[in-house]
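In UniProt numbering, the protein residues as written are 1 to 513. Even for Gly, the Cβ is constructed at its ideal location relative to N, Cα and C.
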Amino acid sequence: VGCELEEKERFWSELDEVMESIPTGERVVIGADFNGHVGEGNTGDEEVMGKELQRRVKREVSKAKQKAYDELYTRLDTREGQKDLYRLARQRDRDGKDVQQVRVIKDRDGRVLTSEESVQRRWKEYFEELMNEESEREKRVEGVNSVEQKVDKIRKDEVRKSLKRMKSGKAVGPDDIPVEVWKCLGEAAVEFLTSLFNRVLEKRTQQMQIFALRILMEKYRDGQRELHCVFVDLEKAYDRVPREELWYCMRKSGVAEKYVRVVQDMYERSRTVVRCAVGQTEEFNVEVGLHQGSALSPFLFAIVMDQLSEEVRQESPWTMMFADDIVICSESREQVEENLERWRFALERREMKVSRSKTEYMCVNEREGSGTVRLQGEEVKKVQEFKYLGSTVQSNGECGKEVKKRVQVGWNGWRKVSGVLCDKKISARIKGKVYRTVVRPTMLYGLETVSLRKRQESELEVAELKMLRFSLGVTRLDRIRNEYIRGTAHVGRLGDKVKETRLRWFGHVQRRE
Numbered sequence: 001v002g003c004e005l006e007e008k009e010r011f012w013s014e015l016d017e018v019m020e021s022i023p024t025g026e027r028v029v030i031g032a033d034f035n036g037h038v039g040e041g042n043t044g045d046e047e048v049m050g051k052e053l054q055r056r057v058k059r060e061v062s063k064a065k066q067k068a069y070d071e072l073y074t075r076l077d078t079r080e081g082q083k084d085l086y087r088l089a090r091q092r093d094r095d096g097k098d099v100q101q102v103r104v105i106k107d108r109d110g111r112v113l114t115s116e117e118s119v120q121r122r123w124k125e126y127f128e129e130l131m132n133e134e135s136e137r138e139k140r141v142e143g144v145n146s147v148e149q150k151v152d153k154i155r156k157d158e159v160r161k162s163l164k165r166m167k168s169g170k171a172v173g174p175d176d177i178p179v180e181v182w183k184c185l186g187e188a189a190v191e192f193l194t195s196l197f198n199r200v201l202e203k204r205t206q207q208m209q210i211f212a213l214r215i216l217m218e219k220y221r222d223g224q225r226e227l228h229c230v231f232v233d234l235e236k237a238y239d240r241v242p243r244e245e246l247w248y249c250m251r252k253s254g255v256a257e258k259y260v261r262v263v264q265d266m267y268e269r270s271r272t273v274v275r276c277a278v279g280q281t282e283e284f285n286v287e288v289g290l291h292q293g294s295a296l297s298p299f300l301f302a303i304v305m306d307q308l309s310e311e312v313r314q315e316s317p318w319t320m321m322f323a324d325d326i327v328i329c330s331e332s333r334e335q336v337e338e339n340l341e342r343w344r345f346a347l348e349r350r351e352m353k354v355s356r357s358k359t360e361y362m363c364v365n366e367r368e369g370s371g372t373v374r375l376q377g378e379e380v381k382k383v384q385e386f387k388y389l390g391s392t393v394q395s396n397g398e399c400g401k402e403v404k405k406r407v408q409v410g411w412n413g414w415r416k417v418s419g420v421l422c423d424k425k426i427s428a429r430i431k432g433k434v435y436r437t438v439v440r441p442t443m444l445y446g447l448e449t450v451s452l453r454k455r456q457e458s459e460l461e462v463a464e465l466k467m468l469r470f471s472l473g474v475t476r477l478d479r480i481r482n483e484y485i486r487g488t489a490h491v492g493r494l495g496d497k498v499k500e501t502r503l504r505w506f507g508h509v510q511r512r513e
């Protein structure tokens with residue numbers, strides 16, 4: 001518009017040359033100002049499509065999107081598409097958040113840092129201080145003899161078994177080598193990794209500790225007797241373990257010296273980085289504490305705690321330990337207060353500090369004037385309920401709060417995958433599978449140790465049916481029976497699943513004995 005005729009002709013001539021140079025393919029997308037036109041008409045000259053071309057491009061883009069979505073939904077119904085299904089759920093959950101990443105941070109003085117360099121520097125500064133801070137502790141004067149014994153070499157079949165058990169599709173570590181590489185290398189990988197892998201240690205279950213505490217509280221409630229419990233919290237437990245204390249406790253526990261030296265080699269000159277929203281910080285040394293994210297760290301921490309508490313630890317159920325979660329129980333307030341002080345002294349003289357603000361006290365069947373528990377003259381917070389190993393225990397022995405908590409975490413899990421569960425184009429069978437693998441386990445956690453009443457079991461089933469109805473796009477007004485909803489989604493009754501988990505756990509306990 002407003003150009004001379006010769007200039008317009010030159011433009012079209014140059015455009016033709018450009019178009020001829022473009023290879024012919026399935027689609028050609030042209031970026032241009034489609035709102036403009038050449039000539040006096042609304043649609044432009046005969047050679048120019050104008051708004052009509054814009055509409056055609058939109059239609060082609062829409063068709064391409066629809067085709068891609070159709071291929072995606074078809075792939076989700078296959079075994080190969082299962083990973084895409086959960087990846088899609090995570091992506092839609094992130095897209096639904098107003099703020100996906102916080103790219104700012106405050107410095108020591110409370111000023112907000114915005115530049116990437118200053119934010120990375122602050123993250124490094126914080127974690128470098130956290131992972132290298134040591135408190136004063138009592139020096140050990142006694143030595144300990146090392147255990148020199150023959151240690152069997154790691155066998156190839158052990159490495160082969162470990163590789164087979166490792167799941168594919170996991171995030172890589174600092175070496176950027178995914179597990180799929182080791183699996184593809186076959187026997188060459190087994191040969192190389194044989195010298196690096198250690199034997200796999202069997203895990204203890206949290207349910208055993210939760211069950212022991214609930215049974216103890218139930219017996220004292222039935223007998224109308226007081227039970228005093230202190231839940232001990234350690235400040236930054238894994239980050240405060242002194243390395244010298246770790247070597248001492250390993251040798252004191254009878255760990256072969258060869259294994260001690262292997263662990264020492266793992267911790268020598270260890271360095272780490274912090275991944276944050278603005279990138280990755282520079283490396284820094286870590287000279288205190290256990291390695292974060294290592295499968296060996298919980299076992300090493302258990303060795304340290306076992307040795308440090310040897311003089312003060314009582315038999316179960318009066319003392320229950322699972323990693324850094326410690327419960328001290330007694331029939332009298334004075335006794336539990338005395339035991340707490342003994343634990344504090346045993347731990348803090350070795351640099352394991354008891355948190356004054358997070359350590360809590362609970363009394364079962366409390367009578368009037370039971371009093372409070374003090375730690376070095378400071379009153380320990382008294383509570384009526386406590387979240388122990390992810391399961392809520394109440395001083396009155398009831399489990400109503402735990403049931404409500406299971407419903408709440410179930411809805412939280414449902415919302416995280418609602419981008420998939422509420423998609424009308426995804427089949428009910430796939431939705432049921434996502435629900436069974438993502439949402440239901442959060443609702444069932446720890447329930448094998450809980451004595452549910454019919455009313456509480458009904459609360460869980462009502463919440464589950466609401467989630468399933470939302471997922472399938474039906475309401476109570478549609479007058480569809482619950483059995484049909486469960487059958488469509490291939491989801492059985494939650495009460496039956498609870499019974500199944502109890503029987504499975506009972507069998508596990510029987511086999512341990």
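On a CA-only basis, which of E315, S168 and R10 is nearest E180? Give me that one, please.
S168
Spatial neighbours of W414 within its chain, please: C-beta separation below 6 Å, excluding the five flanking residues on both sides.
V439 and M467
In the structure shown, what three-state DSSP assignment does C329 receive?
strand
Going by beta carbon distance, what residues of the same chain come within less than 7 Å of I210, once the five residues before and after it are set aside?
Y388, L389, S391, G446 and T449
Using a Cβ distance threshold of 8 Å, determine whether the segment 282 to 301 contacts the segment 118 to 135, with at least three qualifying pairs required.
yes
Where does E7 sit, in a helix, a strand or coil, going by DSSP?
helix
Terminal residues of the continuous alpha helix (DSSP H) containing V263?
E257 to Y267
Which residue marks the beginning of the alpha helix (DSSP H) containing C184, and which one marks its end?
V179 to L185
Determine whether the beta carbon atoms of V312 and R271 lie at a separation below 9 Å.
no
Own chain, CB closer than 6 Å to V141, minus 5 neighbours either side, in chain order
Here the model assigns V141 a pLDDT of 48, short of 50, so the residue's position is not dependable, and the following value carries that caveat. Hits under 6 Å: none found.
Using the rule of at least 16 other Cβ atoms within 10 Å of the residue's Cβ for burial, across every protein chain shown, is K124 buried or exposed?
buried
Starting from T114 and walking both ways along the beta strand (DSSP E), at which residues does that stretch end?
From DSSP, T114 is part of no beta strand (DSSP E); its letter is neither H nor E.
Under the three-state DSSP convention, the category N339 falls into:
helix
So D70 packs on L76, CB below 8 Å; how close in whole Å?
About 11 Å; that fails the 8 Å criterion.
Just checking, does the segment 248 to 268 make contact with the segment 301 to 312 on the three C-beta pairs under 8 Å criterion?
yes
If you count every other CB in all the chains shown that lies within 10 Å of the CB of L234, and 16 or more means buried, which is it?
buried
Check for me: the alpha helix (DSSP H) holding V364 runs from which residue to which?
V364 -> not in any alpha helix (DSSP H); beta strand (DSSP E) instead, spanning E360 to V364.
How long is the line joining the alpha carbons of K469 and A489, rounded to whole angstroms?
For clarity, residue 469 is Arg in the given sequence; the question names Lys instead. One C-alpha to the other measures close to 10 Å.
Can you tell me whether N339 is buried or exposed? The criterion is at least 16 other CB atoms within 10 Å of its CB, across all chains shown.
buried
Determine the direct distance from the alpha carbon of F506 to that of R406, and round the result to whole angstroms.
21 Å
C-alpha gap between G495 and Q456, whole angstroms:
10 Å
Around the C-beta of F231, are 16 or more other C-beta atoms found within 10 angstroms, so that it is buried, or is it exposed?
buried
R453 to V498, Cα distance in whole Å?
12 Å
From which residue to which residue does the beta strand (DSSP E) around T437 run?
It is not in any beta strand (DSSP E) - T437 carries neither H nor E in the DSSP assignment.
CB G377 to CB R221, shorter than 9 Å?
no
Those residues which DSSP pairs with K381 across a bridge:
E360
Distance, K433 Cα to Q408 Cα
20 Å
Who does R511 pair with in a DSSP beta bridge?
Its beta-bridge partners do not exist; DSSP assigns none.
Quick check on Y248: does DSSP put it in helix, strand or coil?
helix
By the 10 Å Cβ neighbour count, where 16 or more other Cβ atoms means buried, how is D176 classified, buried or exposed?
exposed
Among the candidates L503, R87 and R243, whose CA atom is the shortest distance from the CA of M266?
R243
Sort R122, R240 and K424 by Cα distance to D109 and report the nearest one.
R122
If distances are taken between C-alpha atoms only, which option among P298, F345 and Q335 comes closest to D325?
P298
What residue range is occupied by the uninterrupted beta strand (DSSP E) comprising M320?
T319 to F322
Quick one: using the 10 Å Cβ neighbour count with 16 as the cut-off for buried, is V200 buried or exposed?
Confidence at V200 is low in this model, with a pLDDT of 34, below 50, so the placement of that residue should be treated as unreliable; the coordinate-derived value is given next. By the 10 Å Cβ count, V200 comes out exposed.
Can you give the Cα-Cα distance for T437 and S332, rounded to whole angstroms?
44 Å
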